[in-house]
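Chemist:
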Amino acid sequence: MDYIKKIREMNYKDLNKFAQQIREYIIDVISRNGGHLASNLGVVELTIALYRVFNPFEDYIIWDTGHQTYTHKLLTGRWELFPSIRKFGGISGYTNIAESQADRFGAGHVGTSIAAALGIEQALRKENKKVNVVVVIGDGAFTSGEALEALNQIKSLNSKIKIIVNSNSMSISKNVGGLSHFLDNLRTSKVYLDIKNIMKRNISEPLEDELKRIRDAIKVTFSGDDFFEALGLKHLGPLNGHNIQEMEKVFTRVKDYDYPTVITVNTIKGKGYNSSEDDPESFHSASKFDISSGTFLSKSGFISYSEAFGNILVKLAEKDEHIIAITAAMKTGTGLSLFAQKFPDRFFDLGITEQSCVTFAGGLAISGFKPVFAVYSTFLQRGFDQLIHDIALQNLPVIFAIDRAGVVGEDGPTHHGLFDIAYLKMIPNIRILAPMNIQDLVNTIYTVFKFPIDAPIAIRYPRDSEFGDFKKIYDKIQLVELYKWEILRTGKNVAIISTGTITQEAVKAAQKNNWTVVFARSIKPVDINTIKWVLNNHNYVFTLEEGTTYGGFGESVARYGKVTILGIEDIFPTHGSRRELLKFLKLDKDGIETKIFESIERGQYYENANRIW
Ligand SMILES: Cc1ncc(C[n+]2csc(CCOP(=O)(O)OP(=O)(O)O)c2C)c(N)n1
Ligand SMILES: CC(=O)[C@@H](O)[C@H](O)COP(=O)(O)O
Ligand SMILES: [Mg+2]
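Mapping of the sequence shown onto full-length UniProt numbering: position 318 corresponds to residue 318, and the numbering continues sequentially without gaps.
1) Using only the alpha-carbon positions, how far apart do residue 591 and residue 433 sit?
2) Can you grab the Cα-Cα spacing for the pair residue 614 / residue 553, in whole Å?
3) What ranges does the alpha helix (DSSP H) occupy inside the stretch 290-352, keeping only unbroken runs of at least 4 residues that lie completely in it?
4) Where does residue 221 fall in DSSP's three states?
5) Cα separation between residue 371 and residue 272?
6) Could you pull out every residue in the same chain whose Cβ sits closer than 8 Å to the Cβ of residue 160, ignoring the five residues on either side in sequence?
7) On the DSSP letters alone, give me the boundaries of the alpha helix (DSSP H) that residue 94 sits inside.
8) I'd like the list of long-range same chain contacts for residue 54, defined as Cβ closer than 8 Å, with 5 residues on each side in sequence excluded.
9) Ligand 1 and residue 68: does the residue's C-beta get closer than 7 Å to at least one heavy atom of that ligand?
10) Using alpha carbons as the reference points, say which of 595, 380, 503 and 417 lies closest to residue 399.
11) Heavy atom of ligand 3 less than 7 Å from the Cβ of residue 595, yes or no?
12) Which class does residue 431 belong to by DSSP, given the choice of helix, strand or coil?
13) Any idea if residue 96 is buried or exposed, counting beta-carbon neighbours within 10 angstroms, 16 or more meaning buried?
14) List the DSSP bridge partners of residue 85.
15) Please state if the CB of residue 277 and the CB of residue 407 are separated by a distance shorter than 8 Å.
16) Less than 7 Å between the CB of residue 408 and some heavy atom of ligand 2, yes or no?
17) Quick one: grab the DSSP three-state call for residue 595.
18) With ligand 3 as the reference, list in chain order each residue whose Cβ lies under 5 Å from any of its heavy atoms.
19) For a test of your reading of the model: does the CB of residue 42 fall under 7 Å from any non-hydrogen atom of ligand 1? Yes or no.
20) Do the CB positions of residue 364 and residue 391 come within less than 8 Å of each other?
21) Quick check on this structure: which residue in 350, 314 and 316 has the alpha carbon closest to the alpha carbon of residue 329?
22) Do residue 445 and residue 343 come within 8 Å of each other at the CB atom, strictly closer than that value?
23) For the putative contact between residue 186 and residue 264, defined by C-beta atoms under 8 Å, what is the C-beta separation to the nearest angstrom?
24) My parser needs the alpha helix (DSSP H) runs of 4 or more residues fully inside the stretch 398-433; what are they?
25) Taking Cβ to Cβ, would you say residue 70 is nearer than 8 Å to residue 4?
26) On the DSSP letters alone, give me the boundaries of the beta strand (DSSP E) that residue 602 sits inside.
27) Please confirm whether any heavy atom of ligand 2 lies closer than 7 Å to the CB of residue 615.
28) Below 7 Å, is the gap between the Cβ of residue 283 and the nearest heavy atom of ligand 1?
29) Is the CB-CB distance between residue 34 and residue 287 below 8 Å?
30) If you check the beta carbons only, do residue 80 and residue 91 fall under 8 Å apart?
31) Please classify residue 295 as buried or exposed, where buried requires at least 16 other C-beta atoms within 10 Å of its C-beta.
32) Any idea if residue 221 is buried or exposed, counting beta-carbon neighbours within 10 angstroms, 16 or more meaning buried?
33) Using the DSSP secondary-structure output, state which residues sit across from residue 35 in a beta bridge.
34) Could you tell me the distance, in whole angstroms, from the CA atom of residue 457 to the CA atom of residue 397?
35) Measure how close the beta-carbons of residue 509 and residue 589 come, nearest whole angstrom, since I'm counting them as under 8 Å.
36) Any idea which residues DSSP pairs residue 614 with across the strands?
Listed below in structure tokens is the structure:
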């Protein structure tokens with residue numbers, strides 16, 4: 001079915017019914033698969049109106065982040081495939097150029113759309129192609145550094161792009177920062193909205209034009225709407241993002257504009273499903289839920305690594321006023337909600353500004369505080385220069401709580417945290433720790449704060465959970481030797497030196513085959529004495545990590561002797577559940593066993609590693 005043709009043939013009444021049908025379909029599928037429900041329910045009408053005016057196969061529509069593209073996917077050939085979204089082997093939850101010609105630029109990280117669109121526009125110009133380039137970007141993404149850099153380039157590039165800002169006052173949590181305040185003012189400017197409401201009534205065309213002029217003047221006066229103009233963009237809106245007709249009218253008008261234009265569109269995040277309208281934060285990245293009650297179907301009795309991190313940090317902060325928590329718009333995801341509630345003065349949500357967060361933490365650290373930047377591994381990639389230049393070079397004691405390290409699951413390649421070991425390991429001064437389980441994570445954080453912190457320390461842990469309860473965890477809390485590796489079991493012939501939670505799988509494989517397992521909580525520094533012991537007492541030595549093997553943990557061990565490195569080999573793994581992906585990557589118990597036997601059979605080893613020493 002050609003849905004673009006179909007929506008162009010419908011009248012507004014039928015379009016609204018169709019929007020409802022799309023909503024129900026999205027709710028149904030996402031209740032079973034999990035996904036970005038609230039963001040997608042907010043843009044159903046916006047997408048329909050946009051595609052009645054612009055053609056996603058002919059024009060270039062660039063969706064920022066790509067997490068809100070479900071209606072886009074449905075209208076561009078993926079209606080039947082939609083139930084497979086985010087599942088192993090199914091379609092992606094984001095835009096993906098391999099999936100459809102309508103996905104003009106792949107995304108997953110926030111803030112890339114405007115720069116990508118500007119590049120595409122320049123390329124089209126060079127080929128003398130006259131097509132429209134349109135960006136759709138959320139008000140959260142709009143405040144991110146990369147988006148603002150690109151916004152600043154529009155005028156000097158003589159660009160004609162059209163930018164639709166989806167204004168819903170929300171990032172994942174409430175949007176923050178001066179710019180979001182400005183967008184909120186636009187959204188709610190009362191005098192302006194009153195005039196707009198008058199305009200909704202049936203009025204004659206000349207009067208409408210006159211009112212529009214007054215409205216625009218008022219908008220500028222009351223909302224300080226010169227930000228876009230100062231950057232060389234015309235600004236229209238805010239439009240009602242749930243009124244297809246109103247948006248279509250304006251989109252049609254701007255299509256022919258020969259200058260860059262911002263159109264702000266007010267939407268309600270989670271629109272059309274009570275539970276997500278009431279709590280858009282929880283339904284931003286929703287796990288499976290029951291549609292009638294709106295309750296999440298999470299496994300009871302399980303504690304996530306993020307929760308465990310947040311919980312111990314609160315406990316420590318109760319006794320240490322110098323502890324400060326920082327997030328880049330990921331308060332709930334990183335487990336910092338409780339901290340934010342208990343210590344609002346020591347909690348900073350700086351918005352989607354990972355680079356700034358790193359340097360901000362540096363500023364706190366140099367002033368005697370103990371900043372903890374809780375950040376997903378994939379998003380810390382944004383702060384690489386700051387890690388080197390601002391933190392490590394000055395050896396500042398910042399703690400990086402690196403969540404979602406390893407395979408994340410359904411979000412897929414844009415979100416897997418596979419590179420942090422490699423990109424941190426190469427930087428002098430930084431220490432990297434990777435606990436084995438939740439108890440060990442809590443022990444590790446407890447130990448780190450027990451002593452003076454004299455260097456930047458990164459602690460990595462996955463998007464996972466374990467059965468347990470906090471009482472038991474705190475009953476067993478203890479100091480650990482952070483930089484000394486632990487021999488978990490001594491076996492024969494084969495040894496696995498493993499880091500992080502994947503060590504649990506290594507132990508299972510080793511128990512079956514009577515192999516040695518060494519747990520390397522510290523990725524950097526490595527424990528040279530234990531490496532020597534392993535190499536001197538085993539014929540076959542393997543390292544194991546949940547991360548890229550290129551520049552990863554194994555390579556640090558390989559500096560001291562002959563080892564085979566197991567981990568993720570130079571690929572961007574797809575999406576699917578975390579368990580499925582670990583199996584697919586041969587990083588579960590059976591996979592590890594298979595890889596070890598295959599490797600030994602291939603004879604990659606010296607007969608006896610003793611020789612090296
Ligand atoms: C670099 C980066 N940091 C953080 C995130 C996590 N993230 C995804 S969507 C989002 C909020 C985006 O808000 P907005 O653009 O307003 O979209 P909405 O969901 O409100 O429509 C955040 C913080 C990300 N994807 N990329
Ligand atoms: C789109 C985005 O980047 C986030 O919403 C991300 O999907 C959240 O992931 P978690 O569900 O792991 O918090
Ligand atoms: Mg938003």
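Note that the Cβ used here is the ideal one computed from N, Cα and C, for glycine as well.
Modeler: Short version:
1) 24 Å
2) The structure shown does not extend to residue 614, since the chain is modelled only from 1 to 613, so the question has no answer here.
3) 305-319 and 337-342
4) Only weak support exists for where residue 221 lies, its pLDDT of 44 falling under 50; the value from the coordinates is given anyway. Residue state, collapsed to three classes: helix.
5) 40 Å
6) 121, 133, 257, 258, 259 and 260
7) Run containing residue 94: none; DSSP gives neither H nor E here.
8) 61, 132, 134, 251 and 255
9) yes
10) 380
11) no
12) strand
13) buried
14) According to DSSP, which records beta bridges pairwise, residue 85 is partnered with nothing at all.
15) no
16) yes
17) helix
18) 138, 139, 140, 168 and 170
19) yes
20) no
21) 350
22) no
23) 6 Å
24) 420-425
25) no
26) Run containing residue 602: none; DSSP gives neither H nor E here.
27) For residue 615 there is no data in the structure shown, the boundaries of the chain being 1 and 613.
28) no
29) yes
30) no
31) exposed
32) Interpretation of residue 221 is limited by its pLDDT of 44, a score under 50 that renders its predicted location unreliable; the figure taken from the coordinates is listed afterwards. The residue is exposed, with fewer than 16 neighbouring Cβ atoms inside 10 Å.
33) 286
34) 7 Å
35) 5 Å
36) Residue coverage of the chain in this structure runs from 1 to 613, which leaves residue 614 outside it and unanswerable.
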